[in-house]
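A.B. asks: In full-length UniProt numbering, the protein residues as written are 1 to 170. Every residue, glycine too, gets a C-beta built ideally from N, C-alpha and C. One structure, pasted below without further comment.
Below is the structure:
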């Protein structure tokens, strides 16, 4: 138990973040992280040495894709009023008008990111939100380093395109 807590518990927030972005569901992300933590605990003997975060996030990624495959036929509505409430950048703003503008902008970025296919969304989340090095992203996603860089470049271009659809005047 102590080994698990030392190696993987510090990465639970990153695990939830990745699962949340991939599944676009708070409850699914919680389930994915719980299942991933169970698997990491059960198979921790297989982790010999290296990057514990990358190993754990690989499990989270695989579980997220399993969830996506299982729910492919279902449609769901996510009503997530709490999504922006915990955003630290919003609490630093002084005026209510500025808070509304920031919330709208954050929602537009969220929608643009969710418009990307999961294979592109995951590399942006891992690089830009989790600040993982390219080599660790390659391990998590199980693709060559060059593919990580090209996929990230394509994902950024697609994200920009999606944002331009939302803000055509800029």
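Tell me the rounded alpha-carbon separation between residue 87 and residue 165.
C.D. replies: Counting from one through the chain shown, the residue named residue 87 turns up at place 87. Counting from one through the chain shown, the residue named residue 165 turns up at place 165. Bear in mind that a pLDDT of 45 at residue 87, under 50, signals an unreliable position, so the number given afterwards is only what the model happens to contain. Taking the straight line joining both Cα atoms gives about 24 Å.
A.B. asks: Apart from the five residues on each side of it in sequence, which residues of its chain come closer than 6 Å, Cβ to Cβ, to residue 4?
C.D. replies: Walking along the chain shown from the start, residue 4 turns up at place 4. So the list reads 41 and 44, once near-sequence residues are dropped.
A.B. asks: If I'm right that residue 148 touches residue 157 with Cβ under 8 Å, what's the distance once you round it to whole angstroms?
C.D. replies: Against the chain shown, residue 148 aligns to sequence position 148. Against the chain shown, residue 157 aligns to sequence position 157. 15 Å between Cβ atoms; not a contact.
A.B. asks: Taking one C-beta from the region 9-18 and one from the region 126-143 each time, how about it: are there three or more such pairs within less than 8 Å?
C.D. replies: Look at the beta carbons and you see the region 9-18 touching the region 126-143: at least three pairs across the two are nearer than 8 Å.
A.B. asks: Whole angstroms is fine: what's the gap from residue 113's alpha carbon to residue 107's?
C.D. replies: Working through the chain shown from its first residue, we reach residue 113 at position 113. Working through the chain shown from its first residue, we reach residue 107 at position 107. In a straight line, the C-alpha of residue 113 is about 10 Å away from that of residue 107.
A.B. asks: Threshold first: 4 residues or longer. Then list the alpha helix (DSSP H) segments lying entirely within the UniProt domain "RNA polymerase sigma-70 region 2" (7-70), N to C.
C.D. replies: 12-23, 26-42 and 52-70
A.B. asks: Just how far apart, CA to CA, sit residue 152 and residue 67?
C.D. replies: On the chain shown, residue 152 is found 152 positions in, with the first residue counted as 1. On the chain shown, residue 67 is found 67 positions in, with the first residue counted as 1. Answer to the nearest angstrom: the Cα atoms are 23 Å apart.
A.B. asks: From residue 90 to residue 60, what distance separates their C-alpha atoms?
C.D. replies: Here residue 90 refers to the residue found at position 90 of the chain shown. Here residue 60 refers to the residue found at position 60 of the chain shown. Low local confidence applies: a pLDDT of 40 at residue 90 is under 50, so the model's placement there is unreliable, with the coordinate-based value given in what follows. When rounded, the distance between both Cα atoms is 28 Å.
A.B. asks: I believe residue 141 touches residue 122 by the beta-carbon criterion, under 8 Å. Please report the beta-carbon distance rounded to the nearest angstrom.
C.D. replies: Sequence index remark: in the chain shown, residue 141 carries index 141 (1-based). Sequence index remark: in the chain shown, residue 122 carries index 122 (1-based). Indeed, because the Cβ distance is near 6 Å, the residues count as touching under 8 Å.
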